[in-house]
Amino acid sequence: MRSQTDIQSVSVGEPTRRLPGVEGVWVFVAADMMVFALMFGSFMVSRHQSPALFEANRHALNPNFGGVNTLILLTSSWFAALALESVRKSRFVLAQRFIGGAFLCGLAFMVSKGIEYTVKLNAGISLTTNEFFMYYFTLTGIHLFHVVAGNVVLVVLWFRARSRSCDPERPVVFECGAIYWHFVDLIWMILFPLLYLMR
Amino acid sequence: MDQKSSLRFQLISAWCGPAFLFTFVLFWGVIGRNIPNPSPALSAADLAARYSQHLGEIRLGFIVALITVVLYMPWCSYISARMAKIEGGYPVLANLQLIGGALTVMVVSFSCCFWAVAAFRPERDPALIQLLTDTGWLVIDLQYACTTLQMVALALAVLADRKNKATPLMPNWVCYLTIFCAVSFFPASLTGVLKTGPFAWNGVMSYYFPYFCWLCWEIVASTYLIKDVRRRMREFESSPSVDGGAPRATALAT
Numbered sequence: 000m001r002s003q004t005d006i007q008s009v010s011v012g013e014p015t016r017r018l019p020g021v022e023g024v025w026v027f028v029a030a031d032m033m034v035f036a037l038m039f040g041s042f043m044v045s046r047h048q049s050p051a052l053f054e055a056n057r058h059a060l061n062p063n064f065g066g067v068n069t070l071i072l073l074t075s076s077w078f079a080a081l082a083l084e085s086v087r088k089s090r091f092v093l094a095q096r097f098i099g100g101a102f103l104c105g106l107a108f109m110v111s112k113g114i115e116y117t118v119k120l121n122a123g124i125s126l127t128t129n130e131f132f133m134y135y136f137t138l139t140g141i142h143l144f145h146v147v148a149g150n151v152v153l154v155v156l157w158f159r160a161r162s163r164s165c166d167p168e169r170p171v172v173f174e175c176g177a178i179y180w181h182f183v184d185l186i187w188m189i190l191f192p193l194l195y196l197m198r
Numbered sequence: 000m001d002q003k004s005s006l007r008f009q010l011i012s013a014w015c016g017p018a019f020l021f022t023f024v025l026f027w028g029v030i031g032r033n034i035p036n037p038s039p040a041l042s043a044a045d046l047a048a049r050y051s052q053h054l055g056e057i058r059l060g061f062i063v064a065l066i067t068v069v070l071y072m073p074w075c076s077y078i079s080a081r082m083a084k085i086e087g088g089y090p091v092l093a094n095l096q097l098i099g100g101a102l103t104v105m106v107v108s109f110s111c112c113f114w115a116v117a118a119f120r121p122e123r124d125p126a127l128i129q130l131l132t133d134t135g136w137l138v139i140d141l142q143y144a145c146t147t148l149q150m151v152a153l154a155l156a157v158l159a160d161r162k163n164k165a166t167p168l169m170p171n172w173v174c175y176l177t178i179f180c181a182v183s184f185f186p187a188s189l190t191g192v193l194k195t196g197p198f199a200w201n202g203v204m205s206y207y208f209p210y211f212c213w214l215c216w217e218i219v220a221s222t223y224l225i226k227d228v229r230r231r232m233r234e235f236e237s238s239p240s241v242d243g244g245a246p247r248a249t250a251l252a253t
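Chains A and B are the protein sequences, given in the same order.
So for the first sequence, numbering that gives the first Met the number 0 puts the first residue at 0; every next one is plus one.
So for the second sequence, numbering that gives the first Met the number 0 puts the first residue at 0; every next one is plus one.
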């Protein structure tokens with residue numbers, strides 16, 4: 000089946016490589032990355048202006064939470080990639096399981112962040128405590144918002160996989176979802192060292 | 000109304016977008032002293048001094064901006080009509096766009112109004128001037144969701160337009176950019192809490208970036224809207240006249 004289509008596409012003269020997803024998703028992701036770049040930039044500027052405050056408050060964060068979050072998101076991204084592979088092989092039931100796995104990871108991330116925030120708020124630390132925690136809450140909060148949106152996307156993909164409403168040769172919707180989910184993961188990969196680890 | 004006049008009104012309405020943009024930046028931004036805008040961390044006395052120092056400009060800027068802001072209305076009205084054509088029988092998104100656009104005008108108007116009131120009696124208690132300034136900024140920065148809905152409605156309608164794939168109102172990437180710009184307002188909600196940093200109402204994330212996105216969207220959307228009207232004008236002129244004779248352009252020339 001697969002080789003047959005390959006032969007067909009060669010005979011028609013279509014390029015064998017193509018952009019995954021639709022161009023619009025890349026525009027969206029690129030623009031969103033620009034926003035995060037702006038936020039990381041302003042974080043670095045503020046950090047440069049008061050290094051002592053940032054360094055002292057960084058120690059109030061629990062790097063174990065950040066580390067576990069990183070592992071959760073990496074696993075989730077892996078599940079998303081596996082799901083896309085399964086869809087491409089028309090194995091929709093398997094894809095549904097992988098999407099479910101990615102969704103549960105996203106949920107675990109939210110719970111973990113919820114616990115982390117609660118611990119901070121109970122300790123009397125909030126958005127308005129100081130500049131460092133302003134950045135901590137806004138940056139992780141905006142990232143968390145992206146995770147929530149990603150989980151909504153995963154639910155949509157799960158239903159799509161169940162109804163098998165896509166072309167396995169060109170599963171555009173699944174590709175868009177996976178691109179976005181990897182992007183959310185990537186942002187955390189930068190955010191984690193920036194807030195928790197950088198000396 | 001004959002089609003030629005209708006098309007002319009459509010073109011004028013589409014051009015009201017760029018006209019709004021220009022007057023908004025000039026009167027609201029430059030003359031109204033909002034680039035850079037006053038910091039929320041400013042003390043009441045300093046804020047009052049800022050008003051007294053630039054009283055004439057601030058009054059002129061906001062009073063004129065309150066008039067020119069309505070240029071946003073014909074623009075939205077045209078977008079809505081064009082969207083209704085795309086949607087057909089149930090123009091839900093077109094209506095949403097229209098309501099969102101209309102309320103955007105009110106949100107922007109009210110913010111200017113509060114600042115105009117603050118500048119009306121600059122000698123009054125500085126705490127009251129601060130109150131009015133705060134109100135103005137929080138009115139405009141916390142109520143962006145009307146504009147968000149307006150933009151998302153437009154993007155969704157054009158993305159779902161499968162009938163006119165050959166001549167879409169806007170390319171798909173513009174729709175995605177529109178959604179992105181609409182979402183870029185969200186950090187502005189933090190202006191309700193923070194007084195310093197990038198999320199305060201004079202910060203990069205809550206002021207410069209989202210406003211820049213909104214104005215960029217205006218330029219890009221207007222460009223495609225105007226192109227679309229011009230294309231339909233050309234089509235109209237080259238279409239045969241009612242009696243089935245020569246195309247309209249030639250018929251008019253002879």
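Quick reminder that beta carbons are idealized off the backbone N, C-alpha and C, glycines included.
Looking only at its chain, what residues have a beta carbon closer than 6 angstroms to the beta carbon of residue i, apart from the 5 residues adjacent to it on each side?
| i | result |
| --- | --- |
| E130 (chain A) | S45 |
| C191 (chain A) | In the sequence as displayed, the identity of residue 191 (chain A) is Phe instead of Cys. Here the set comprises G65, T69. |
| R198 (chain A) | none |
| C15 (chain B) | L70, P73, W74 |
| K119 (chain A) | none |
Considering only the alpha carbon of each residue, which of the options lies closest to residue i?
| i | options | result |
| --- | --- | --- |
| L20 (chain B) | B:V68, B:P37, B:S108, B:L168 | B:V68 |
| N63 (chain A) | A:V155, A:E115, A:L185 | A:E115 |
| K226 (chain B) | B:L214, B:L168, B:W172 | B:L168 |
| P170 (chain A) | A:R90, A:S76, A:A51 | A:R90 |
| H53 (chain B) | B:N36, B:L65, B:S237 | B:N36 |
| F179 (chain B) | A:R17, A:V21, A:F27 | A:F27 |
| V116 (chain B) | B:L59, B:F8, B:S205 | B:L59 |
| S183 (chain B) | B:Y207, B:S4, B:L25, B:P73 | B:Y207 |
| A29 (chain A) | A:Y135, A:I186, A:M43 | A:I186 |
| A7 (chain B) | B:R229, B:S237, B:E234 | According to the sequence shown, residue 7 (chain B) is Arg rather than Ala. Checked all of B:R229, B:S237, B:E234; the closest Cα to R7 (chain B) is B:R229. |
| G149 (chain A) | A:S75, A:V92, A:I189, A:V110 | A:S75 |
| L138 (chain A) | A:M33, A:G105, A:F39 | A:F39 |
| S5 (chain B) | B:A80, B:S38, B:S51 | B:A80 |
| G99 (chain A) | A:L18, A:P167, A:F158, A:M33 | A:F158 |
| E122 (chain B) | B:L102, B:F185, B:Y50 | B:Y50 |
| G55 (chain B) | B:T103, B:R120, B:A144, B:E234 | B:R120 |
Does DSSP put residue i in a helix, a strand or coil?
| i | result |
| --- | --- |
| P37 (chain B) | coil |
| P197 (chain B) | coil |
| P239 (chain B) | strand |
| S8 (chain A) | Since pLDDT at S8 (chain A) reaches only 42, below the 50 mark, its modelled position is unreliable, and the value read off the structure follows with that caveat. Helix at S8 (chain A). |
| G100 (chain A) | helix |
| K3 (chain B) | helix |
| R81 (chain B) | helix |
| L25 (chain B) | helix |
| K164 (chain B) | coil |
| M133 (chain A) | helix |
| M0 (chain A) | Caution is warranted here: a pLDDT of 41 is assigned to M0 (chain A), below 50, making its placement in the model unreliable, and the coordinate value is therefore given only provisionally. Note: M0 (chain A) maps to coil in three-state DSSP. |
| T147 (chain B) | helix |
Hey, how far is the Cα of residue i from the Cα of residue j?
| i | j | result |
| --- | --- | --- |
| A187 (chain B) | D140 (chain B) | 6 angstroms |
| F211 (chain B) | T222 (chain B) | 17 angstroms |
| P239 (chain B) | I218 (chain B) | 34 angstroms |
| V63 (chain B) | W172 (chain B) | 35 angstroms |
| P17 (chain B) | T128 (chain A) | 42 angstroms |
| A220 (chain B) | I78 (chain B) | 10 angstroms |
| F109 (chain B) | L52 (chain A) | 39 angstroms |
| V155 (chain A) | N121 (chain A) | 35 angstroms |
| W25 (chain A) | A177 (chain A) | 12 angstroms |
| L103 (chain A) | R163 (chain A) | 21 angstroms |
| P170 (chain B) | L176 (chain B) | 10 angstroms |
| S41 (chain A) | Y135 (chain A) | 13 angstroms |
| T4 (chain A) | V92 (chain A) | Residue placement at T4 (chain A) is flagged as unreliable, the pLDDT there being 43, under the threshold of 50; the coordinate-derived value follows with that caveat. Near 23 angstroms, if we compare the C-alpha coordinates of V92 (chain A) and T4 (chain A). |
Excluding sequence positions up to five away, which residues of its chain have a Cβ less than 7 angstroms from the Cβ of residue i?
| i | result |
| --- | --- |
| G202 (chain B) | G196 |
| F108 (chain A) | N68, I71, L72, V146 |
| L196 (chain A) | P62 |
| Q142 (chain B) | V106 |
| L155 (chain B) | L92 |
| F97 (chain A) | F78, L81, A82, S85 |
Would you call the CB atoms of residue i and residue j closer than 8 angstroms?
| i | j | result |
| --- | --- | --- |
| T190 (chain B) | A199 (chain B) | yes |
| A94 (chain A) | A79 (chain A) | no |
| M105 (chain B) | A93 (chain B) | no |
| F173 (chain A) | V86 (chain A) | yes |
| M204 (chain B) | L37 (chain A) | yes |
| G99 (chain B) | A152 (chain B) | yes |
| I128 (chain B) | A40 (chain B) | no |
| L95 (chain B) | L148 (chain B) | yes |
| L60 (chain A) | L143 (chain A) | no |
| L153 (chain A) | G113 (chain A) | no |
Leaving out the 5 sequence neighbours to the left and right, which residues in its chain are closer than 8 angstroms to residue i when beta-carbon positions are compared?
| i | result |
| --- | --- |
| W114 (chain B) | G31, I57, F61, L131, T132, G135 |
| N163 (chain B) | I85 |
| P167 (chain A) | V86, R87, K88, S89 |
| D160 (chain B) | I85, P167, L168 |
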